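K.L.:
Per full-length UniProt numbering, residue 1 is the first one in the sequence shown, and the count goes up by one each step.
Note that beta-carbon positions come from the ideal geometry of N, C-alpha and C, so glycine has one too.
In this text the structure is predicted, and so the values were computed from the model without any measurement.
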Amino acid sequence: MTPFGNRIRELRARNDVTLTDMASALQLSPAYLSALEHGHRGRPSPGLVQQICGYFNLVWDEVDDIKRLAQLSHPKITVDTAGLEPEATELANLLSERIAGLSDDQLSRMLDIVRERPS
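1) Could you compute how far the alpha carbon of PRO86 sits from the alpha carbon of ASN15?
2) Using the beta-carbon count (16 or more within 10 Å), is PRO46 buried or exposed?
3) For the region 37-91, which segments carrying the alpha helix (DSSP H) assignment without a break, of at least 4 residues, lie completely within its bounds, in sequence order?
4) Quick check on the DSSP output: the alpha helix (DSSP H) that includes GLU116 runs from which residue to which?
5) Going by C-alpha distance, which of GLN51, ASP80 and GLY101 is nearest ALA70?
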């Protein structure tokens, strides 16, 4: 599941909205909305993000957060390591091979490291 999909699911639960009801209101198929939540579709369009924000009557901070999560939620990415150190290519390849087997704690620690600002 993508960060965006997870947030949509949280919003649906908080507002007691079924996937089918939300899909109908947004004129989407339930299958598409489910695939979007689970990361089986690409990043949502800006228009769809706006529709979802309107559907849940989100306020400024929540809208900004949803937009940010949508940008971070491309389920299939390409990492360009051309011109970087060999270790960068090794890291990208190992991460792509092993990410599914990492524990929540390992993922959290890795996120903390890559979120640090370079010195």
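P.N.:
Straight from the coordinates:
1) 48 Å
2) exposed
3) 46-55 and 60-71
4) Unbroken run through GLU116: none, as it is neither H nor E.
5) GLN51
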